[in-house]
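Peer 1: Numbering (this note's numbering), first residue to last: 318 to 764.
Here a beta-carbon is modelled for each residue, glycine too, at the ideal position from N, C-alpha and C.
The structure follows.
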Amino acid sequence: MEIAKIFDQTVDIYQEFLLLTNNGSSLESSYQELNDKYRIHSQKKAIICECCGQPVALVLREGAPHFRHQGEPCPSQENYKRYTTGTRGGESANHKAGLAILRTYLEGQLKPHKISVQNGYMCKKALKMVPDFLLNFPDGTIWAVDYITGIREEESYNNYIAKRTETYKTAGFTPFYFIDSSWMANVPDRSVISLFRAEQQIKLRSEIDLQWTEFVKEFVEVFGEAFVLQKLFGISSQPIAGRELKEYLVYSLTYIDPGAGKAYIQRFIPTQQSKFGLQVYRAEISLERATSLDQKQQGFTWWEREELTAMQLQMQTLSQQFEVAVTVEAALIAEEVLEQTRLSELLMIQQEKIKKKITIHNETPVVYDPELASKLFSAEINSMINIDMNPSYARQILAAIKQNKSILSDERLIQIRNQARFVLGPIKNPNPLTPSLRSLLIDIAMA
Numbered sequence: 318m319e320i321a322k323i324f325d326q327t328v329d330i331y332q333e334f335l336l337l338t339n340n341g342s343s344l345e346s347s348y349q350e351l352n353d354k355y356r357i358h359s360q361k362k363a364i365i366c367e368c369c370g371q372p373v374a375l376v377l378r379e380g381a382p383h384f385r386h387q388g389e390p391c392p393s394q395e396n397y398k399r400y401t402t403g404t405r406g407g408e409s410a411n412h413k414a415g416l417a418i419l420r421t422y423l424e425g426q427l428k429p430h431k432i433s434v435q436n437g438y439m440c441k442k443a444l445k446m447v448p449d450f451l452l453n454f455p456d457g458t459i460w461a462v463d464y465i466t467g468i469r470e471e472e473s474y475n476n477y478i479a480k481r482t483e484t485y486k487t488a489g490f491t492p493f494y495f496i497d498s499s500w501m502a503n504v505p506d507r508s509v510i511s512l513f514r515a516e517q518q519i520k521l522r523s524e525i526d527l528q529w530t531e532f533v534k535e536f537v538e539v540f541g542e543a544f545v546l547q548k549l550f551g552i553s554s555q556p557i558a559g560r561e562l563k564e565y566l567v568y569s570l571t572y573i574d575p576g577a578g579k580a581y582i583q584r585f586i587p588t589q590q591s592k593f594g595l596q597v598y599r600a601e602i603s604l605e606r607a608t609s610l611d612q613k614q615q616g617f618t619w620w621e622r623e624e625l626t627a628m629q630l631q632m633q634t635l636s637q638q639f640e641v642a643v644t645v646e647a648a649l650i651a652e653e654v655l656e657q658t659r660l661s662e663l664l665m666i667q668q669e670k671i672k673k674k675i676t677i678h679n680e681t682p683v684v685y686d687p688e689l690a691s692k693l694f695s696a697e698i699n700s701m702i703n704i705d706m707n708p709s710y711a712r713q714i715l716a717a718i719k720q721n722k723s724i725l726s727d728e729r730l731i732q733i734r735n736q737a738r739f740v741l742g743p744i745k746n747p748n749p750l751t752p753s754l755r756s757l758l759i760d761i762a763m764a
């Protein structure tokens with residue numbers, strides 16, 4: 318194992334070794350410094366295992382300094398063996414370096430919540446499969462976190478990933494996977510990504526993915542499947558569509574570049590050919606945000622702050638492209654049949670369709686109400702934003718929010734947005750609202 322305790326200090330021998338070598342020390346001088354620092358304590362049996370409390374010996378083996386049990390084995394010792402040999406077959410330098418950075422971010426973001434970050438092999442019970450990290454919550458909840466780096470596409474590795482997820486859940490852990498950004502792969506000239514089957518096995522469906530699913534369904538309803546495939550994904554036909562694409566189910570994967578401190582949330586629709594997915598959106602966030610808890614502490618904040626705005630922009634872009642396409646199509650029809658009346662009717666039909674289904678409004682100016690603006694800072698939000706409000710009042714609230722957004726606190730803005738989403742209701746079973754009020758509440762939820 319790489320972690321042990323001396324007096325009241327936790328020693329991560331590998332991290333110290335890595336720090337020395339990264340700062341320019343040679344391997345020989347790094348080993349010598351660690352030997353001078355800890356050997357005498359090891360000989361005095363003053364370095365102990367955090368799991369069982371037994372003395373451990375310092376081992377300065379080339380490339381892998383660690384601590385070894387001297388007496389009876391404990392669960393952490395067996396877990397460490399499985400971690401370093403049975404499941405890993407040896408860690409790459411890239412994996413170890415990335416883990417060190419990832420751990421630093423996790424500890425920084427989770428410490429305020431009193432959540433400890435522990436090496437997986439330090440678990441006090443024997444594990445069949447050992448994660449990189451265990452996150453221990455005060456209420457006893459445990460998350461298993463893995464950082465996946467090595468690119469392998471053997472069938473055995475795909476089975477290994479599936480078994481790992483199942484084993485974690487059986488042990489009572491909630492699994493989360495961070496994938497190295499080197500795995501990301503875009504098909505040239507298409508909004509299409511290629512995937513290992515292992516990636517398909519660890520894809521997630523978050524609340525944001527559900528919202529993207531509803532947006533894609535709306536895209537198809539408004540513009541038609543052929544148009545969406547061509548304009549959104551660069552596909553002129555549907556040779557790879559399968560059951561999941563027909564349902565437009567959006568999933569996500571989380572990739573990280575630890576050295577750059579970045580994370581990428583890849584949202585995609587799986588296709589019948591399991592090696593491909595249609596790229597719906599790729600969010601780029603900081604690694605700091607990617608290792609932060611969401612508001613409900615049920616997962617990480619794997620989304621952009623303005624991702625809902627991105628959905629609206631996608632709709633507007635497709636709307637503009639669709640209007641152009643309709644105009645061109647209508648012109649061709651008019652040229653062929655020389656029926657000006659037919660052209661006018663076609664344009665009117667298509668424009669009315671767009672006006673009804675696309676949330677793009679040419680609203681009348683709203684008179685600024687200072688009294689209403691003051692309520693944004695003090696009143697109960699649910700008394701202002703509720704299912705009984707009328708569109709005119711909602712429009713005034715939206716104007717007041719925009720006017721005062723720079724001085725409203727983040728906490729107050731979140732309360733306002735959450736109340737708007739509450740009034741809208743769940744995506745799959747929304748509350749009965751008029752189209753105009755629903756549209757204004759969506760704008761408030763994204764304000």
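If we ignore side chains and look at the alpha-carbon of each, how far apart do Gly403 and Leu750 end up?
Peer 2: Indexing the sequence shown from 1 puts residue 403 at position 86. Indexing the sequence shown from 1 puts residue 750 at position 433. Any answer about Gly403 is weak, because its pLDDT of 46 lies below 50 and its placement is not dependable; what the coordinates show is given next. Spanning the two alpha carbons is a distance of roughly 57 Å.
Peer 1: Return the CA-CA distance between Val504 and Arg729, expressed in angstroms with no decimal places.
Peer 2: For this step, residue 504 is matched to residue 187 along the sequence shown. For this step, residue 729 is matched to residue 412 along the sequence shown. Their Cα atoms are separated by approximately 42 Å.
Peer 1: Suppose contacts are defined by Cβ-Cβ distances below 9 Å. Is Met763 in contact with Leu625 by that definition?
Peer 2: As a position in the sequence shown, residue 763 is number 446, starting the count at 1. As a position in the sequence shown, residue 625 is number 308, starting the count at 1. Yes.
Peer 1: By the 10 Å Cβ neighbour count, where 16 or more other Cβ atoms means buried, how is Asn396 classified, buried or exposed?
Peer 2: Numbered from its first residue, the sequence shown carries residue 396 at position 79. That one is buried.
Peer 1: Quick one: what does DSSP say Asp526 is sitting in, helix, strand or coil?
Peer 2: Here residue 526 is taken as the residue at index 209 of the sequence shown, counted from 1. It is helical.
Peer 1: Which term fits Gly406, buried or exposed, when burial requires 16 or more other beta carbons within 10 angstroms of its beta carbon?
Peer 2: In the sequence shown, the residue the question calls residue 406 occupies position 89. Note on Gly406: pLDDT 47, under 50, position unreliable in the model; the coordinate value appears next. It is exposed - the Cβ of Gly406 has fewer than 16 other Cβ atoms within 10 Å.
Peer 1: Which residues mark the beginning and the end of the beta strand (DSSP E) in which His430 is found?
Peer 2: Residue 430 sits at position 113 when you count from the first residue of the sequence shown. It is not in any beta strand (DSSP E) - His430 carries neither H nor E in the DSSP assignment.
Peer 1: Tell me the DSSP secondary structure of Trp460 in three-state form.
Peer 2: For this step, residue 460 is matched to residue 143 along the sequence shown. In the structure shown, Trp460 falls within a strand segment according to DSSP collapsed to helix, strand and coil.
Peer 1: Going by the CB atoms, is the gap between Phe550 and Leu512 shorter than 9 Å?
Peer 2: Start at 1 with the first residue of the sequence shown, and residue 512 comes out as number 195. Start at 1 with the first residue of the sequence shown, and residue 550 comes out as number 233. Not a contact, by the Cβ cut-off of 9 Å.
Peer 1: Quick one: what does DSSP say Gln614 is sitting in, helix, strand or coil?
Peer 2: Looking up residue 614 in the sequence shown gives position 297. Reduced to three states, the DSSP call for Gln614 is coil.
Peer 1: Based on Cα-Cα distance, which residue from Val434, Gly457 and Val462 lies nearest to Met446?
Peer 2: To locate residue 446, count along the sequence shown from 1; it is residue 129. The candidate whose alpha carbon is nearest that of Met446 is Val462.
Peer 1: Could you give the C-beta distance for Arg599 and Gln583, rounded to a whole number, given that I count them as a contact under 8 Å?
Peer 2: In the sequence shown, the residue the question calls residue 599 occupies position 282. In the sequence shown, the residue the question calls residue 583 occupies position 266. With 8 Å as the limit, Arg599 and Gln583 qualify as a contact, their Cβ atoms being about 5 Å apart.
Peer 1: Note down the Cα distance separating Val509 from Phe593, rounded to an integer number of angstroms.
Peer 2: In the sequence shown, counting from the first residue as 1, residue 509 sits at position 192. In the sequence shown, counting from the first residue as 1, residue 593 sits at position 276. Distance between the alpha carbons of Val509 and Phe593 is about 7 Å.
Peer 1: Roughly how many angstroms separate the alpha carbons of Leu419 and Tyr572, rounded to a whole number?
Peer 2: By 1-based counting over the sequence shown, the position of residue 419 is 102. By 1-based counting over the sequence shown, the position of residue 572 is 255. Computed Cα separation, rounded: 12 Å.
Peer 1: Is Asp329 helix, strand or coil when you go by DSSP?
Peer 2: By one-based count along the sequence shown, residue 329 stands at place 12. Strand, per DSSP.
Peer 1: Comparing alpha-carbon positions, which option in Gln518, Gly576 and Lys548 lies nearest Tyr568?
Peer 2: As a first step, residue 568 is located in the sequence shown; it is residue number 251 there, counting from the start. Cα-wise, what sits closest to Tyr568 is Gln518.
Peer 1: For Gly742, which of helix, strand or coil comes out of DSSP?
Peer 2: As a working mapping, residue 742 is identified with position 425 in the sequence shown. Note: Gly742 maps to coil in three-state DSSP.
Peer 1: Runs of 4 residues minimum, wholly inside the segment 561–626: which ones carry the alpha helix (DSSP H) assignment?
Peer 2: The qualifying runs are 604–607.
Peer 1: With the cut-off set at 9 Å, would you say Gly576 and Gly415 are in Cβ contact?
Peer 2: Working through the sequence shown from its first residue, we reach residue 576 at position 259. Working through the sequence shown from its first residue, we reach residue 415 at position 98. Yes, they are a contact pair.
Peer 1: Leu610 and Leu758: beta carbons closer than 9 Å?
Peer 2: Along the sequence shown, read from residue 1 onward, the residue named residue 610 stands at position 293. Along the sequence shown, read from residue 1 onward, the residue named residue 758 stands at position 441. No; because the gap between Cβ atoms is not below 9 Å, this pair is not in contact.
Peer 1: Answer with buried or exposed for Asp449, where buried requires no fewer than 16 other C-beta atoms within 10 angstroms of its C-beta.
Peer 2: As a first step, residue 449 is located in the sequence shown; it is residue number 132 there, counting from the start. Under the 10 Å beta carbon count, Asp449 is surrounded by 16 or more other beta carbons and is classified as buried.
Peer 1: Between Ile586, Leu546, Ala737 and Asp574, which lies nearest to Arg522 when the distance is taken from Cα to Cα?
Peer 2: The residue labelled residue 522 in the question sits at position 205 within the sequence shown. Of the listed residues, the one whose Cα sits closest to Arg522 is Ile586.
Peer 1: Give me the residue from Pro392, Leu351, Gln371 and Leu452 with the minimum Cα distance to Gln614.
Peer 2: Residue numbering aside, residue 614 sits at position 297 when the sequence shown is read from its first letter. Per the Cα distances, Leu452.
Peer 1: Does the beta-carbon of Leu546 have 16 or more other beta-carbons within 10 angstroms, so that it is buried, or is it exposed?
Peer 2: Counted from its first residue, the sequence shown places residue 546 at position 229. The residue is buried, with at least 16 neighbouring Cβ atoms inside 10 Å.
Peer 1: For Gly425, count the other beta carbons within 10 Å of its own beta carbon; 16 or more makes it buried, fewer makes it exposed. Which is it?
Peer 2: As a first step, residue 425 must be located in the sequence shown, where it is residue number 108. Looking at its Cβ environment, which holds fewer than 16 other Cβ atoms inside 10 Å, Gly425 is exposed.
Peer 1: If contacts are defined as beta-carbon pairs under 8 Å, then Val376 and Ala321 qualify, I think. What distance do you get, rounded to the angstrom?
Peer 2: Translated into positions along the sequence shown, residue 376 becomes position 59. Translated into positions along the sequence shown, residue 321 becomes position 4. Going by Cβ atoms, the distance from Val376 to Ala321 rounds to 11 Å, so no, they are not a contact pair.
Peer 1: Are the CB atoms of Ile330 and Pro382 nearer to each other than 9 Å?
Peer 2: Numbered from 1 along the sequence shown, position 13 holds the residue referred to as residue 330. Numbered from 1 along the sequence shown, position 65 holds the residue referred to as residue 382. Result yes, Cβ atoms of Ile330 and Pro382 sit closer than 9 Å.
Peer 1: If Ala717 sits next to Leu693, beta carbons under 8 Å apart, how far is it from one beta carbon to the other, in whole angstroms?
Peer 2: One-based indexing of the sequence shown puts residue 717 at position 400. One-based indexing of the sequence shown puts residue 693 at position 376. Going by Cβ atoms, the distance from Ala717 to Leu693 rounds to 6 Å, so yes, they are a contact pair.
Peer 1: Taking the straight line between their C-alpha atoms, what separation do you get for Gln732 and Trp460?
Peer 2: The sequence position of residue 732 within the sequence shown is 415, counting from 1. The sequence position of residue 460 within the sequence shown is 143, counting from 1. Their Cα atoms are separated by approximately 28 Å.
Peer 1: Pull up the distance between the alpha-carbon of Lys441 and that of Leu725, whole angstroms please.
Peer 2: In the sequence shown, the residue the question calls residue 441 occupies position 124. In the sequence shown, the residue the question calls residue 725 occupies position 408. Roughly 47 Å separates the two Cα atoms.
Peer 1: Buried or exposed for Gly578, going by 16 or more other Cβ atoms inside 10 Å?
Peer 2: To locate residue 578, count along the sequence shown from 1; it is residue 261. Exposed is the call here.
Peer 1: Sorted by chain position, which residues of the same chain lie with C-beta nearer than 8 Å to Asn352's C-beta, five sequence neighbours on each side aside?
Peer 2: If you number the sequence shown from 1, residue 352 lands on position 35. Closer than 8 Å at Cβ, skipping near neighbours: Leu375 and Leu377.
Peer 1: DSSP has Gln394 in a bridge; who is on the other side?
Peer 2: Residue mapping note: residue 394 aligns to position 77 of the sequence shown, counting from 1. Looking at the DSSP assignment, Gln394 forms no beta bridge with any residue, so it has no partner.
Peer 1: How about Ala580 and Glu601: do their beta carbons lie closer than 9 Å?
Peer 2: Position 263 of the sequence shown, counted from the first residue, corresponds to residue 580. Position 284 of the sequence shown, counted from the first residue, corresponds to residue 601. Yes.
Peer 1: How would you write the range of the alpha helix (DSSP H) that Tyr494 sits in, first residue to last?
Peer 2: The residue you call residue 494 lines up with position 177 of the sequence shown. Segment Phe490 to Asp497 is the beta strand (DSSP E) holding Tyr494; no alpha helix (DSSP H) there.
Peer 1: If distances are taken between C-alpha atoms only, which option among Glu516, Thr588 and Glu538 comes closest to Met632?
Peer 2: Walking along the sequence shown from the start, residue 632 turns up at place 315. When each option's Cα is compared against that of Met632, the closest is Glu538.
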